[in-house]
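Student: Residue numbers (the working numbering): 258 to 854.
From the three backbone atoms N, C-alpha and C, an ideal C-beta is built for every residue, glycine too.
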Amino acid sequence: MHKTTVQAMTNVDQPRIAASRRVSLSTAAGVFLAGLVQVALFQLGSAQTYRFEAENGQLFGTQLSNSFPGYSGTGYVTGFDISTDYLQLQSSLPDGLYELWIGYRSQYGEKGYDFNVDGESGSGKFDQSLTFAEDRAGVFSVTGGSSQASIYKGWGYYDVDYLEYRTFTPPALSPIAPVLSNPQADYPTQVLMNYLTSLYGNKTLSGQQHEASKNHAFPVQSYLDKSGGMIPAMRVSDFIDYSPSRILYGANPNNESEQSIAWAQQTGGIVSMSWHWNAPDDLVDDQCGSQCGPNDYPWWRGFYTNGTTFDLPGALANPGGADYQKLIGDIDAIAAQLQKYEVAGVPVIWRPLHEAQGGWFWWGAHGPDTFKQLWTLMHDRMTDFHGLDNLIWEFTSSAAEGNHLDWYPGDDVVDLIGLDIYTDPSASMSGQWYDILEHYNGNKMVALSETGTLPNPELMDQWSIDWSYFSPWNGDFVDDMTATDLQATLGHEDILILDELPVLPWKNNAQFLSADFNFNESVGAEDFAHWQAAFGATGAGDATGDGVSDGFDFLAWQQQFGSDNLPLTGAAAVPEPASLLLLVCAMVAGSLRAFRC
Numbered sequence: 258m259h260k261t262t263v264q265a266m267t268n269v270d271q272p273r274i275a276a277s278r279r280v281s282l283s284t285a286a287g288v289f290l291a292g293l294v295q296v297a298l299f300q301l302g303s304a305q306t307y308r309f310e311a312e313n314g315q316l317f318g319t320q321l322s323n324s325f326p327g328y329s330g331t332g333y334v335t336g337f338d339i340s341t342d343y344l345q346l347q348s349s350l351p352d353g354l355y356e357l358w359i360g361y362r363s364q365y366g367e368k369g370y371d372f373n374v375d376g377e378s379g380s381g382k383f384d385q386s387l388t389f390a391e392d393r394a395g396v397f398s399v400t401g402g403s404s405q406a407s408i409y410k411g412w413g414y415y416d417v418d419y420l421e422y423r424t425f426t427p428p429a430l431s432p433i434a435p436v437l438s439n440p441q442a443d444y445p446t447q448v449l450m451n452y453l454t455s456l457y458g459n460k461t462l463s464g465q466q467h468e469a470s471k472n473h474a475f476p477v478q479s480y481l482d483k484s485g486g487m488i489p490a491m492r493v494s495d496f497i498d499y500s501p502s503r504i505l506y507g508a509n510p511n512n513e514s515e516q517s518i519a520w521a522q523q524t525g526g527i528v529s530m531s532w533h534w535n536a537p538d539d540l541v542d543d544q545c546g547s548q549c550g551p552n553d554y555p556w557w558r559g560f561y562t563n564g565t566t567f568d569l570p571g572a573l574a575n576p577g578g579a580d581y582q583k584l585i586g587d588i589d590a591i592a593a594q595l596q597k598y599e600v601a602g603v604p605v606i607w608r609p610l611h612e613a614q615g616g617w618f619w620w621g622a623h624g625p626d627t628f629k630q631l632w633t634l635m636h637d638r639m640t641d642f643h644g645l646d647n648l649i650w651e652f653t654s655s656a657a658e659g660n661h662l663d664w665y666p667g668d669d670v671v672d673l674i675g676l677d678i679y680t681d682p683s684a685s686m687s688g689q690w691y692d693i694l695e696h697y698n699g700n701k702m703v704a705l706s707e708t709g710t711l712p713n714p715e716l717m718d719q720w721s722i723d724w725s726y727f728s729p730w731n732g733d734f735v736d737d738m739t740a741t742d743l744q745a746t747l748g749h750e751d752i753l754i755l756d757e758l759p760v761l762p763w764k765n766n767a768q769f770l771s772a773d774f775n776f777n778e779s780v781g782a783e784d785f786a787h788w789q790a791a792f793g794a795t796g797a798g799d800a801t802g803d804g805v806s807d808g809f810d811f812l813a814w815q816q817q818f819g820s821d822n823l824p825l826t827g828a829a830a831v832p833e834p835a836s837l838l839l840l841v842c843a844m845v846a847g848s849l850r851a852f853r854c
């Protein structure tokens, strides 16, 4: 279907600044009138770029200016001050696929903006720039020889110089090796990683955020009514009410761990957990009762930056201090919950400390260095001290622009990238996808870890958007889904729901084929090819659960060949004598150059 370098991505040979979407401005090669506005046509490499100057558009509450130097054309548009202020450009250009870039200046810091391009609405963010720079809004399809684009205020207080359409060819998605950051990861977790990487670029897993604090069934009845009974492949939940400071105030976790484990074992579904971590101490605890407004921070909003005065940098700087021990105590409390999953044989896509870059949660309020210290502390405590080997660590960003990479904890402690996007239902989310892909293609899978709207599979196809999984938020967001949209998404051939999952190791009363390396629920020649490719390199050909792809796994494949209903073959069931392994060598050495006896 269808979630590198920028040159490969845009097919346009122009300079980029590393880890940023700001680029230097190019000079028009020629100018001609197209449609209602003036357009500059560029020929760069094998791609064309069409520039439409903002000053030639229709202005609604905005104004023209030329007071600040460095703009393109004869000026720029400013005055995006109130909600009704916007700019509209009607542009004539050939039909095709295009990236849309916006020339801008944002001298007062990072600023969000809203857009509508030919009926597709969305939002983006301008990085702070004291000079004119540019930002990619997304990728769009032009039909009928024209495009209408509007830029709306959003946060406001920025200038718009031009809109630029660059012909676009979707890049190939590079495969991801199923290698986990924890070399001691247990067998079910490695199998899950193998499965995720086998799907990536071909199928997308459906997920849904569970409203754990309300102790609803999963999924809620209104979801099932709209979906026609289709159930998402992933249960995505939260340890929020296991936070010790919430427990002190009487929060009830409703046995969410036990419920998630039972769901995974009974259905064979996949579990992901996040943690809206109520700060360990120093909660603001506004006494607003049932009258709490958006600017009030009672104890149960203690995960917000404004809900606590806890000194995170100070705590991390003093490992012998009381506040550091409070951090450790909270991490240990959640580790105890994750240990329940490990004992039950259920792997967890673990998504802690999410959206730190946004700054609205206390763990991200003190900058990237402090955040990365906390991530490393949690990772090491859970992995090394508690020995949790059932986690796939997911780093979640709130945006793919700006100083995004400054917040990245590192390849050695991250397995999966998540992006949380809340935008208009009509948006393809293509801009965010290609922004994040620019940084992680070929290195980490990318998931739509939170979204306020259902992704449109047809747009995913059109724009080659290959999310590993997607997970809409709960509550009102489920209420806003229509039955038509939900069924169209879940019923799409490239979106996997619960009953389309293969049998995975943690499913009760089911027989898992350990040599089914391509997850098609039968063992055949293709699985031998998978084992051959994985031999000595990754765990993708490990049928025995010993952590390596070796000759014993070939024996397991041989035993299961032609089967579609065999139980898990464990390491103890595989013959171990050296003479038998030599026989395996003799059988396969001719076809395996890398095989060593």
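Going by beta-carbon coordinates alone, are ASP418 and GLY360 separated by less than 9 Å?
Tutor: Cβ distance < 9 Å, so ASP418 and GLY360 count as in contact.
Student: Which partner residues of GLN815 appear in the DSSP bridge assignment?
Tutor: According to DSSP, GLN815 bridges with nothing at all.
Student: Whole angstroms are fine: how far does the CA of SER721 sit from the CA of ARG279?
Tutor: Here the model assigns ARG279 a pLDDT of 31, short of 50, so the residue's position is not dependable, and the following value carries that caveat. Those two C-alpha atoms are separated by around 24 Å.
Student: In three-state terms, what does DSSP make of LEU645?
Tutor: Here LEU645 sits in coil by DSSP.
Student: Would CYS617 pass as a contact of TYR554 if the rule is Cβ separation under 9 Å?
Tutor: Residue identity check: residue 617 is Trp in the sequence provided, not Cys. Result no, Cβ atoms of TRP617 and TYR554 do not sit closer than 9 Å.
Student: Taking a contact to mean a Cβ-Cβ separation below 9 Å, would you say TRP730 touches GLN466 in this structure?
Tutor: Yes, the Cβ-Cβ distance between TRP730 and GLN466 is below 9 Å.
Student: Which term fits ALA622, buried or exposed, when burial requires 16 or more other beta carbons within 10 angstroms of its beta carbon?
Tutor: Buried.
Student: Measure from the alpha carbon of GLN815 to the alpha carbon of each residue in ASP784, TYR307 and TRP556, then state which is nearest.
Tutor: When only C-alpha atoms are compared, the closest one is ASP784.
Student: Looking at the unbroken alpha helix (DSSP H) that takes in ASN451, where does it start and where does it end?
Tutor: That run of the alpha helix (DSSP H) goes 444-456.
Student: Taking only the alpha-carbon atoms, compute the straight-line gap between ILE757 and ALA490 and give it to the nearest angstrom.
Tutor: For the record, residue 757 in the displayed sequence is Glu; it is not Ile. One C-alpha to the other measures close to 8 Å.
Student: Can you find the residues in the same chain that come closer than 7 Å, C-beta to C-beta, to GLU377, ignoring five residues on each side of it along the sequence?
Tutor: PHE397, SER683, ALA684 and SER685.
Student: When the Cβ atoms of the stretch 774-791 are set against those of the stretch 480-494, are three or more pairs found closer than 8 Å?
Tutor: Taking 8 Å as the limit for Cβ pairs, the verdict is that the stretch 480-494 does not touch the stretch 774-791.
Student: Does GLY877 come out as helix, strand or coil in the three-state DSSP assignment?
Tutor: The chain is shown from 258 up to 854; residue 877 falls before or after that span and cannot be answered.
Student: From GLN516 to LEU711, what distance separates their C-alpha atoms?
Tutor: Going from the Cα of GLN516 to the Cα of LEU711 covers about 25 Å.
Student: Under the rule that 16 or more other beta-carbon atoms within 10 Å means buried, what is ASN698, buried or exposed?
Tutor: It is buried - the Cβ of ASN698 has at least 16 other Cβ atoms within 10 Å.
Student: Does DSSP put ILE591 in a helix, in a strand, or in coil?
Tutor: ILE591 falls in the helix class under three-state DSSP.
Student: Secondary structure at THR708, three-state DSSP: helix, strand or coil?
Tutor: DSSP places THR708 in strand when its eight states are reduced to three.
Student: What residue range does the beta strand (DSSP E) around MET635 cover?
Tutor: Counting along the chain, MET635 falls outside any beta strand (DSSP E), though it belongs to the alpha helix (DSSP H) covering 625-637.
Student: Thinking C-alpha only, which one of TRP557, VAL541 and ASP538 is nearest SER547?
Tutor: Taking only the C-alpha atoms, the option nearest SER547 is TRP557.
Student: Can you tell me which of LEU357, LEU694, THR640 and ASP810 puts its alpha carbon nearest to the alpha carbon of ASP443?
Tutor: That would be THR640, whose Cα lies nearest to the Cα of ASP443.
Student: Relative to the alpha-carbon of GLN447, which residue among ALA519, SER404 and ILE606 has its alpha-carbon at the smallest distance?
Tutor: Here the closest residue by C-alpha is ILE606.
Student: Rounded to a whole number of angstroms, what is the C-alpha to C-alpha distance between ASP681 and TYR409?
Tutor: So the alpha carbons of these two residues sit roughly 13 Å apart.
Student: Can you tell me where the beta strand (DSSP E) with GLU391 in it begins and where it stops?
Tutor: GLU391 -> beta strand (DSSP E) spans 386-399.
Student: For GLN347 and SER403, which I take to be in contact (beta-carbon distance under 8 Å), what is that distance rounded to the nearest angstrom?
Tutor: Correct: roughly 7 Å between the Cβ atoms.
Student: Is the beta carbon of VAL493 sitting closer than 9 Å to the one on SER470?
Tutor: No, these two residues do not count as a Cβ contact at 9 Å.
Student: Return yes when the Cβ of ASN535 is within less than 9 Å of the Cβ of ILE497, no when it is not.
Tutor: It is a contact, given that the beta carbons lie within the stated cut-off.
Student: Starting from GLU356, follow the alpha helix (DSSP H) in both directions and report where the run begins and ends.
Tutor: Not the alpha helix (DSSP H): GLU356 falls in the beta strand (DSSP E), residues 353-363.
Student: Applying the 10 Å Cβ sphere with the 16-neighbour rule, what's the burial state of GLU715?
Tutor: The residue in question, GLU715, is exposed, as its Cβ has fewer than 16 Cβ neighbours within 10 Å.
Student: Along the alpha helix (DSSP H) that carries ALA786, what are the first and last residues, could you check?
Tutor: From DSSP, the alpha helix (DSSP H) with ALA786 extends over 782-791.
Student: Could you say if the stretch 426-437 and the stretch 368-385 meet the contact criterion of at least three C-beta pairs nearer than 8 Å?
Tutor: In short, these stretches do not touch, since the Cβ pair count stays below three.
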